[in-house]
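Residue numbers (our numbering), protein chains in the order written: chain A, 56 to 274; chain B, 36 to 229.
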């Protein structure tokens with residue numbers, strides 16, 4: 056056995072060369088190249104293809120939408136606050152004026168309530184329907200309008216409910232008629248019971264009769 | 036007795052720290068590692084070419100030959116991902132050799148669940164019977180001789196190259212080669228007089 060060939064391949068040794076030849080089928084491929092990890096390239100492809108192309112614009116769009124929404128809300132609240140502050144500043148009444156205004160307001164409210172009550176007493180079914188419609192409208196307004204309008208709508212709703220209670224009370228009241236009124240009511244019903252045909256026959260007779268003189272009240 | 040055994044172990048395993056030229060020889064691969072860690076990822080192709088014989092030789096000694104390429108690929112993929120964590124670039128050979136050994140152990144642990152297919156299943160690339168017999172004999176040898184002989188006879192490395200990549204000194208490699216080849220001839224039944 057040639058020790059030098061075994062050490063650094065100098066010289067020759069047939070036996071070792073035979074081993075080398077037999078085992079050469081197991082030798083590494085000298086031209087082999089490293090296959091880079093597929094996961095890494097896939098991850099890069101994902102980030103480049105989807106994340107950069109879609110996710111970033113979507114994120115920017117989302118931020119824009121949110122900022123516009125928040126900005127609009129902030130602007131509304133600021134404008135409302137400014138308008139309220141301005142109104143308060145413009146009004147800025149003294150205590151005496153406030154008392155006077157309060158008394159005037161209560162008087163006008165009472166007058167309006169009385170008027171409404173009169174209407175309700177005269178035509179209770181119409182007043183009730185109107186009040187119900189107004190109440191619905193104020194409820195819708197309370198849902199959709201901003202805070203300042205909501206308070207206004209709430210006050211209006213309370214007023215409407217008060218009127219509705221008046222109308223209900225009027226409905227529940229028993230009518231008190233005298234005997235004469237009842238007899239007049241029955242006559243009126245009889246008169247209304249005359250059909251249109253009879254009315255036409257009556258009008259023909261009137262046309263062929265003597266002219267009506269309003270001064271004397273006689274034909 | 037214990038003193039002679041110590042001397043023998045010293046000759047077989049070698050002493051890395053007493054071998055001064057070894058550090059200089061590993062400078063090139065250490066430079067590759069440094070460049071890779073600095074961000075030059077394309078240098079990994081050359082790194083692969085330089086360290087392929089060592090990893091391939093370790094895999095050949097431990098796993099069936101038809102799985103060696105997969106093991107090598109897994110080792111280098113792991114090295115590619117972890118090379119930035121290597122603190123001492125001069126220890127790159129020992130580092131990747133240990134990765135290869137661990138991968139082989141992991142493979143053997145997993146492959147116990149399955150029945151192994153015969154080596155001659157793929158007739159096209161089937162090694163001849165003599166080559167398989169020699170390889171099996173090499174695999175059955177003690178570990179101290181096995182890697183050195185595989186690197187010499189299969190991968191075609193010289194003694195100094197084996198010393199450089201394994202971290203052993205020249206004397207130890209020379210002794211391992213000599214004793215290993217002698218043991219292999221005995222196991223193969225080759226007559227010494229021939």
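The C-beta atom is built at its ideal place from N, Cα and C for all residues, glycine as well.
Within-8 Å CB hit, residue i to chain A
i: residue 91 of chain B; result: yes
i: residue 57 of chain B; result: Unreliable positioning characterises residue 57 of chain B in this predicted model, as indicated by a pLDDT of 47, which lies under 50. The coordinate reading is nonetheless provided below. No, because no Cβ of chain A sits closer than 8 Å to the Cβ of residue 57 of chain B.
i: residue 142 of chain B; result: no
i: residue 201 of chain B; result: no
i: residue 193 of chain B; result: yes
i: residue 108 of chain B; result: yes
i: residue 95 of chain B; result: yes
i: residue 180 of chain B; result: no
i: residue 206 of chain B; result: no
i: residue 88 of chain B; result: yes
i: residue 63 of chain B; result: no
i: residue 128 of chain B; result: no
i: residue 212 of chain B; result: yes
i: residue 60 of chain B; result: Confidence at residue 60 of chain B is low in this model, with a pLDDT of 49, below 50, so its placement is unreliable and the value that follows should be read with caution. For residue 60 of chain B, the answer is no, since every Cβ of chain A falls outside 8 Å of its Cβ.
i: residue 85 of chain B; result: no
i: residue 209 of chain B; result: yes
i: residue 186 of chain B; result: no
i: residue 71 of chain B; result: no
i: residue 80 of chain B; result: yes
i: residue 121 of chain B; result: no
i: residue 77 of chain B; result: no
i: residue 118 of chain B; result: no
i: residue 221 of chain B; result: no
i: residue 216 of chain B; result: yes
i: residue 68 of chain B; result: no
i: residue 98 of chain B; result: no
For residue j and residue i, the rounded distance between their alpha carbons
i: residue 219 of chain B; j: residue 75 of chain B; result: 44 Å
i: residue 202 of chain B; j: residue 224 of chain B; result: 32 Å
i: residue 57 of chain B; j: residue 69 of chain B; result: Bear in mind that a pLDDT of 47 at residue 57 of chain B, under 50, signals an unreliable position, so the model cannot answer this.
i: residue 65 of chain B; j: residue 58 of chain A; result: 31 Å
i: residue 88 of chain B; j: residue 114 of chain B; result: 15 Å
i: residue 85 of chain A; j: residue 164 of chain B; result: 24 Å
i: residue 119 of chain A; j: residue 137 of chain A; result: 26 Å
i: residue 188 of chain B; j: residue 112 of chain B; result: 26 Å
i: residue 134 of chain B; j: residue 176 of chain B; result: 22 Å
i: residue 191 of chain B; j: residue 75 of chain A; result: 8 Å
i: residue 167 of chain B; j: residue 108 of chain A; result: 55 Å
i: residue 90 of chain B; j: residue 208 of chain B; result: 18 Å
i: residue 231 of chain A; j: residue 246 of chain A; result: 23 Å
i: residue 98 of chain B; j: residue 113 of chain A; result: 51 Å
i: residue 116 of chain A; j: residue 124 of chain A; result: 12 Å
i: residue 77 of chain B; j: residue 91 of chain A; result: 11 Å
i: residue 132 of chain A; j: residue 209 of chain A; result: 19 Å
i: residue 163 of chain A; j: residue 214 of chain A; result: 13 Å
i: residue 83 of chain A; j: residue 111 of chain A; result: 46 Å
i: residue 248 of chain A; j: residue 241 of chain A; result: 10 Å
i: residue 254 of chain A; j: residue 220 of chain A; result: 43 Å
i: residue 128 of chain A; j: residue 122 of chain A; result: 10 Å
i: residue 82 of chain B; j: residue 140 of chain B; result: 24 Å
i: residue 258 of chain A; j: residue 244 of chain A; result: 20 Å
i: residue 56 of chain A; j: residue 204 of chain B; result: 22 Å
i: residue 211 of chain A; j: residue 130 of chain A; result: 27 Å
Any chain B beta carbon closer than 8 Å to residue i
i: residue 112 of chain A; result: no
i: residue 87 of chain A; result: yes
i: residue 125 of chain A; result: no
i: residue 109 of chain A; result: no
i: residue 117 of chain A; result: no
i: residue 61 of chain A; result: yes
i: residue 58 of chain A; result: yes
i: residue 66 of chain A; result: no
Short Cβ contact (8 Å threshold) for residue i with residue j
i: residue 102 of chain B; j: residue 88 of chain A; result: no
i: residue 183 of chain B; j: residue 143 of chain B; result: no
i: residue 68 of chain A; j: residue 193 of chain B; result: no
i: residue 93 of chain B; j: residue 126 of chain B; result: no
i: residue 119 of chain B; j: residue 72 of chain B; result: yes
i: residue 215 of chain B; j: residue 180 of chain B; result: yes
i: residue 95 of chain B; j: residue 81 of chain A; result: yes
i: residue 78 of chain A; j: residue 121 of chain B; result: no
i: residue 138 of chain B; j: residue 110 of chain B; result: yes
i: residue 136 of chain B; j: residue 172 of chain B; result: no
heavy atom of the ligand MG below 7 Å from residue i C-beta
i: residue 178 of chain B; result: Only the bare structure without any ligand can be found here, which leaves the ligand MG out of the picture.
Against chain B: residues of the stretch 72-84 of chain A by CB proximity under 7 Å: Listed by position, the residues of the stretch 72-84 of chain A near chain B (Cβ gap below 7 Å) are 74, 75, 77, 78, 80, 81, 82 and 83.
Select from the stretch 161-178 of chain B all residues with a C-beta closer than 7 Å to any C-beta belonging to chain A, and list them in chain order. Under the 7 Å Cβ criterion, the stretch 161-178 of chain B contributes 162, 165, 166, 169 and 170.
Where in the stretch 78-142 of chain B do unbroken runs of the alpha helix (DSSP H), each at least 4 residues long, occur, reported from the N-terminal end onward? Whole alpha helix (DSSP H) segments, 4+ residues: 79-97 and 103-117.
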